[in-house]
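The numbers in our numbering rise by one with no breaks, and the one at position 100 of the sequence shown is 105. C-beta atoms are modelled at their ideal positions from N, C-alpha and C, and glycine is treated no differently. Notes to accompany the following structure.
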Amino acid sequence: MSLVELIAQADERGLAASGLACLDRCVPLLGGDDEVLRPLWGSLAEDSAHSSDGDWAERLEQARGALGEGDAGDAGDEAALLARRMLIAAPAARSAAEVRQWADACSVASLQIHRLLDPAEDAASDGSLPEALDSVRAGANPVPGSVEGMSPLVAGELRRQITVLELVAGHGRAGLRQALEVSTEGRRVLRAVVSRRARGRV
């Protein structure tokens, strides 16, 4: 299934994991360490009988506090601002309707972030989501090198988003560990990109 179809069919846990994974991969833009969102992952992994919206909301506020209100990079850094908006928009209640909207918005924002950070992209871009990228979200799962006109950085992020949703849809709570591993790998990629970008500005 396409990314759009997976989001449309995902349950509450899968949607929350999808949005959280997108945010987790973009943490380097917010100046956060690799463990800052781990409590939220823990909330998703807990059995629903022992977890609640209150647990999620409390851990979300802790993450927001740790990441701060600012420190989102330069005021004109659109990638950092998009990441900050993902964090701000995270719903306190994990209802399917709210997390579906958040997951979809995070999917678009994270792909846009990867596009903005790709050195191969046109620096003069107006920052809008290209039609080609939007259509790929509604297309089949891409394999490496198969997405015409899409950079490896963006294509890799698209595959990770699809993989996270498939893992949770196929394995439920048991798939969260693998989903976290996928997100961790993506975060390392983005952290390296952000680091190279910072060195280039010096």
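For Ala85, the uninterrupted alpha helix (DSSP H) segment begins and ends at Glu83 to Ala94.
One alpha carbon belongs to Ile12, the other to Asp139, and they sit about 14 angstroms apart. A Cβ-Cβ distance of about 7 angstroms is found for the pair Leu195 and Cys31, placing them in contact under the 8 angstroms criterion. Non-local beta-carbon contacts of Ser23 in its own chain, meaning distances under 6 angstroms to residues more than five positions away in sequence, involve Ala108, Val169 and Leu170 in chain order. With fewer than 16 other beta carbons inside 10 angstroms of its own, Arg201 counts as exposed.
Spanning the alpha carbons of Leu185 and Leu172 requires a straight line of approximately 10 angstroms.
Taking the Cα of Trp46 as reference, the smallest distance to any Cα among Leu35, Arg18, Gly59 and Gly73 is reached at Arg18. In this structure, the alpha-carbon of Gly144 lies about 13 angstroms from that of Gln166. By a beta-carbon distance limit of 8 angstroms, Arg69 does not contact Pro44. Their separation comes to about 12 angstroms. DSSP places Val9 inside the alpha helix (DSSP H), whose first and last residues are Leu8 to Gln14. In the structure shown, Glu40 falls within a coil segment according to DSSP collapsed to helix, strand and coil.
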